[in-house]
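First the structure, in the form of structure tokens, and then the observations on it.
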Amino acid sequence: MKVLVIGGGGREHALAWRLAASNSVTQLHCAPGNPGSAQLATCHQTSDYVHLAQSLHIDLTVVGPEVPLVAGIVDQFRTQGLHIVGPNAANAALEGSKIYSKRFMQKLGIPTARFQTVDTPEQARAAFPHFHFPLVLKTDGLAAGKGVIIAQNHAEAEEALTQLTCPLVLEEFLVGEEVSFIALCDGKTAVALEPSQDHKRIFDNDEGPNTGGMGAFSDSRILNQTQRSSILETVILPVVRATQFTGFLYAGIMMTADGPRVLEFNVRLGDPETQPLMMRLDCDWAEALLASARGALTPDLLRWNPKPATCVVLASEGYPGPVIANRLITGLELPTNCQVFHAGTRQTDAGIVTDGGRVLGITALGDTLQASIQNTYAGVSHIHFEGMQYRKDIGARGLRTLK
Ligand code: AMP
Ligand code: GLY
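Going by the working numbering, the sequence shown opens with residue 10, and the numbers climb by one from there.
Shown next as structure tokens:
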């Protein structure tokens, strides 16, 4: 089949890399793709995705980022009778609006943090006494992972009000291990991918501001079968049944002492969680995705390598603030057990240069989590660009907590 991947980040390069290895894929296209996916697929610079899919006779389109989903790409494709993996615009609002998402969870009885919505800074101030510190403040709309501030005290909450755009969700702070629980959904049923953990803060030991994600690992020990079934039954399937949800439903879960609580819904795969997940996937990915797009998903279509995988993100100087771009990247030829997934890179006559906040995701499997971390950092040590920053502790939490 001919497959089209929409998006140009590390997640989409990893998706394309796994699809390129699917027996059922005869042609692979990306829009826009990046210098990494260009080694596997034909890249197209257009935003008229329907026309692109029709003119190339694409059998299946997979959407990476949330922006086209929220804008209704899935509705447009379906109107034309084209198979696509993703939610319709109405369901994409689960990610597009935190207020909608929290009210939806409340209505369906999905376990989540206690919250209040406010329209103005004055309303927020009036609501502060209803919460303990730390207090979590969230912008309602899409914010590329940067719309959440955890205020430790009153002064930080005041400061947050100057940084976040109203309306806001205020919610109680939850304590526990955070897990990325992603399920592929076909409108009637859902099959969970393997669990993974993201590292959202910019600095080691989870310090500094939130980012889009500085690294991730996937290890089957993150959740046992009982925990997986419980999250599927209490979080994912209620959404699928209430909304005929299609595509990837990503629940950011806090495993609290009182059980799993949803921190947020995303309506797509995680970035960088997808990078280690694609390393672990051990089946015909295109076949599974097409089955989901046709409403014929079955659990046997998804199979996994039991080995853990780790991804370390290499970011530009300045990230998550404004970054300095156009820096030449050297050392991209890594040992065969490592994959380089491109994100913010650009091909120039002089070579591949940095072109964004998150530049590359170095990813490797290992016989153990420790081995996958070592293999990944061995790959990282080959690569250089001026101002390169990355966390040195990706996966370390897993080494401490997973038994
Ligand atoms: P969100 O975009 O809602 O997932 O928030 C971004 C990050 O902030 C999450 O991945 C958590 O690490 C943290 N966070 C969000 N909500 C809470 C909460 N209620 N309690 C503790 N941490 C949270
Ligand atoms: N890695 C978190 C996200 O994709 O939202």
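Idealized CB from N, CA, C, for every residue including glycine.
DSSP, read as helix, strand or coil, puts residue 263 in strand.
Counting along the chain, the unbroken alpha helix (DSSP H) around residue 410 starts and ends at 405-410.
The C-alpha of residue 330 is placed about 11 angstroms away from the C-alpha of residue 219. In the DSSP assignment, residue 148 falls within the unbroken beta strand (DSSP E) covering 144-148. A straight line joining the alpha-carbon of residue 37 with that of residue 11 spans about 6 angstroms. Sorting 84, 41, 381, 352 by C-alpha distance to the C-alpha of residue 222 places 352 at the top. Cβ neighbours of residue 385 within its own chain (closer than 6 angstroms, five residues either side excluded): 319, 321, 371, 373. Contact between residue 360 and residue 392 is absent: CB atoms are separated by about 13 angstroms, not below the 8 angstroms threshold. For the pair residue 159 and residue 272, the Cα-to-Cα distance works out to about 13 angstroms. Shortest gap from the CB of residue 219 to any heavy atom of ligand 2: 7 angstroms or more. CA-to-CA, the gap between residue 378 and residue 228 works out to about 7 angstroms.
With a contact defined as Cβ atoms closer than 8 angstroms, residue 357 and residue 338 miss out at about 11 angstroms. Nearest neighbour of residue 253 by Cα position, chosen from 61, 32, 95, turns out to be 95. If the five residues before and after residue 86 are omitted, its C-beta is found closer than 8 angstroms to the C-beta atoms of 58, 59, 62, 70, 92, 93, all from its own chain and listed in chain order. Assignment of residue 15 by DSSP, reduced to helix, strand and coil, places it in the strand class. Collapsing the DSSP output to three states places residue 88 in a helix. CA-CA distance, residue 306 to residue 312, rounds to 13 angstroms.
Secondary structure of residue 312 (DSSP, three-state): coil.
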